[in-house]
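Remarks on the structure that follows.
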DNA sequence: CATGAATGAGTGTTCATTCAT
DNA sequence: GATGAATGAACACTCATTCAT
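Chains as they are written, first to last, in my numbering: chain A, 1024 to 1217; chain B, 1024 to 1217; chain C, 1024 to 1217; chain D, 1024 to 1217.
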């Protein structure tokens, strides 16, 4: 297995454990054990716990961003793009829940830990945000969405998805997650439509 | 200062530090120093860090719930209630940002830490959720809101508020927070209106 | 209640708790609570935990010594004195077990704690030892006991009594304590008789 | 040095310090310093101070028991066995005084600390007691010792040895320890002989 | 005398990180 | 590269002692 692949394997495992047990509750030794490698093995690839956590959030946001970029580039209506995005998002929740959980529960809530010098901003999630911005502005320009403050639209989309993810993680939802999908798209669209 | 007042003073300070620096990054000794009392002083009132964290989230949710309960009981339209709720919420963000931050960034993201025996659910936030439920169901029953899944409405409201709070905390927003308020109410209402 | 009496009341309670739970495991606040007085109340009478522990061992050894002195002064054979001493000792175990336990389990085993400057010796138990010495030497002089090293005799008597006390405390003994008494006197006498 | 050896090295040092300074007075950091290793080093081998203390008493009683077992199995009179046992015991006092001191001063007097769940009994010393029981019963069966209650004999032997150990530790004895040995055997035998 | 809230040095324990093998 | 024993700074929590009331 080459270096990149191994790094990704470590990231995948870290992602899962950090999401399940929390950033500060997960020990490096647990990640190592989970991977059947030694503690030192982790440090061959990542110089510190922090750098592993940073690499993990970049891994997540790049995955999300690349999906969103793909959607943005297709030749469909913005309503349809929104719909596909939510679909992709729900697919992540179903198949890689730790990636979404990592974004919302670990990254957003432990920002101190991810800080490097002055770089405490959203930088690690920037790619993803950029794509969402493109989707929203595109919709406004095309006249599909009404013109409203970007941050409000952004909060709407990411907020509702984050919240439903949370409820899902807490096993509060009574029905299968997919049953909520259509209603969520409708809700978002109702709020944004011109 | 009596015991209750002193407990609340400690909670207020803990709230602020936990929100600013994170739950695990904030040391008991820092809370003590911030209060100009000794470490032991904290333990006079709270038997452990965990119990202080639990007391803090109860403090927050009770405050929020009592405001929301007051609104729910007034004789106004649900749109107006929603509007007032967002107003109250923004007031909290402006004047006690740590209370909101504590709810979203500390409590929701460090659930493990708040667990006591089996009691790991939402129990500490239940009062607040109940009031939001009443508001939503009331609107549906009156025909003001369209009938949609409660969890979707709940995610919409709490999600968008949580997200804008987050952006505010990150100092990403370019304008004064209140300028977003009206647009947020409109957005929520557009998504929920019958 | 005068000062002396109050001191003795405190000593009695400390004795009991120290014996039951150990010297380091018993907190001053527990002694206070047990006495229904305040922590400061203890410090009115004893300047420190150590001084309370020292006063307690003196209380115990003086009680034992005075009983032994009384026996030593009576006009009976040394065998009879021995017998009476064991009887008195068993009476203590039955009625004030904490006093004996304090001597063996607390004092002898936590000598560091009782040290004051250089005074780490037996000084706190000296009175008692002196009386035992008188009894033994008296028996030898009268020809009742065979002449043997004092420390051996001393170890014999205090050792067997200490050990049976321990077994009693551990609830290892199957019969009532008094049933062992006669056999113990016989054993000691067999070992010491001329 | 392999794991077992290292554990034993730690036990030996803990034994010495616990005996010299008391269980609660000896800090883990002192044991570490004494061994020229780090605090964490101790915890590599023992998960807690308590477990180190428990391992230590087991180390001691197994050593004593194995010596006594060896004697019990030889083909000699019980008087001779007793004599050899005392000899072995004195050898321990002379060469590994901390082992004996640990048994009498630390283990017997801090039983609370050694408790694990319900297992607070003599269990950690059981092997040793069993061997002593065999010796005594064997002597009675062979007609060498008079038939007397086991606990009385047990108290006699362990008591006198414990007491002389104590006097030795306190540096009260005026002569070399070995000079007391013969007299002690005689005393025990006089008390037990048929 | 009596109180009990407040103090803060001190303890057992954890865990990210290192480095000799 | 890989290992995992060793490190030691750091933390939550304790409790003997003090002192303002």
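Don't be surprised by glycine CBs; every beta carbon is placed ideally from N, CA and C.
Listed by chain order, chain A residues near residue i by CB distance under 7 angstroms
i, result
"residue 1132/B", "1128 and 1132"
Option nearest residue i by Cα separation, candidates the options
i, options, result
"residue 1193/A", "1025/A, 1174/A, 1079/A and 1042/A", "1042/A"
"residue 1123/D", "1198/D, 1029/D and 1085/D", "1085/D"
"residue 1133/B", "1206/B, 1187/B, 1080/B and 1031/B", "1080/B"
"residue 1181/B", "1195/B, 1057/B, 1112/B and 1199/B", "1112/B"
"residue 1147/C", "1082/C, 1069/C, 1040/C and 1038/C", "1082/C"
"residue 1202/B", "1045/B, 1170/B and 1114/B", "1114/B"
"residue 1198/D", "1197/C, 1056/C and 1174/C", "1174/C"
"residue 1067/D", "1033/D, 1176/D and 1210/D", "1033/D"
"residue 1118/D", "1210/D, 1191/D, 1208/D and 1030/D", "1191/D"
"residue 1100/C", "1145/C, 1158/C, 1044/C and 1176/C", "1158/C"
"residue 1026/D", "1064/D, 1048/D and 1056/D", "1064/D"
"residue 1171/B", "1053/A, 1206/A and 1055/A", "1206/A"
"residue 1078/B", "1116/B, 1200/B, 1165/B and 1036/B", "1036/B"
"residue 1183/B", "1185/A, 1164/A and 1179/A", "1179/A"
"residue 1138/B", "1044/A, 1024/A and 1031/A", "1044/A"
"residue 1087/B", "1098/B, 1071/B and 1121/B", "1121/B"
"residue 1071/B", "1052/B, 1059/B and 1089/B", "1052/B"
"residue 1116/B", "1030/B, 1028/B, 1024/B and 1200/B", "1200/B"
Integer Cβ distance of residue i from residue j, believed to fall under 8 angstroms
i, j, result
"residue 1167/B", "residue 1217/B", "6 angstroms"
"residue 1125/A", "residue 1038/A", "5 angstroms"
"residue 1109/B", "residue 1204/B", "6 angstroms"
"residue 1154/A", "residue 1092/A", "5 angstroms"
"residue 1214/C", "residue 1210/D", "5 angstroms"
"residue 1040/A", "residue 1057/A", "6 angstroms"
Cutoff 8 angstroms: residue i Cβ touching any chain B Cβ
i, result
"residue 1066/A", "no"
"residue 1147/A", "no"
CB contact below 8 angstroms: residue i versus chain D
i, result
"residue 1093/C", "no"
"residue 1171/C", "yes"
"residue 1187/C", "yes"
Under 8 angstroms from the C-beta of residue i: neighbouring residues of chain D
i, result
"residue 1183/C", "1175, 1178, 1179, 1182 and 1183"
"residue 1207/C", "1175 and 1178"
"residue 1203/C", "1172, 1174 and 1175"
Where residue i meets chain A, residues with beta-carbon distance less than 9 angstroms
i, result
"residue 1048/B", "1047, 1133, 1135 and 1136"
"residue 1040/B", "Within 9 angstroms Cβ-Cβ: nothing; residue 1040/B doesn't reach chain A, min ~12 angstroms."
"residue 1214/B", "1179, 1183, 1209, 1210, 1211, 1212, 1213, 1214 and 1215"
Interface partners of residue i on chain C, CB under 7 angstroms
i, result
"residue 1163/D", "Near residue 1163/D there are no residues of chain C at all, since even the closest Cβ is about 14 angstroms away, more than 7 angstroms."
Contacts around residue i, its chain only, beta-carbon distance under 7 angstroms, and the 5 residues preceding and following it disregarded
i, result
"residue 1136/C", "1046, 1073 and 1076"
"residue 1104/A", "1094, 1095 and 1158"
"residue 1165/D", "1101"
"residue 1090/B", "1111"
CB contact check: residue i to chain A, cutoff 8 angstroms
i, result
"residue 1080/B", "no"
"residue 1115/B", "no"
Chain D contact residues for residue i, given Cβ-Cβ distances below 7 angstroms
i, result
"residue 1044/C", "1135"
Contacting residues, own chain, Cβ-Cβ under 8 angstroms from residue i (five flanking each side not counted)
i, result
"residue 1152/A", "1145 and 1177"
"residue 1127/A", "1185, 1188 and 1189"
"residue 1050/B", "none"
Beta-carbon neighbours of residue i, restricted to chain B and to distances below 9 angstroms
i, result
"residue 1190/A", "1174, 1177 and 1178"
Cut-off 6 angstroms between Cβ atoms - residues of its own chain near residue i, not counting five sequence neighbours on either side
i, result
"residue 1069/A", "1075"
"residue 1162/D", "1101 and 1168"
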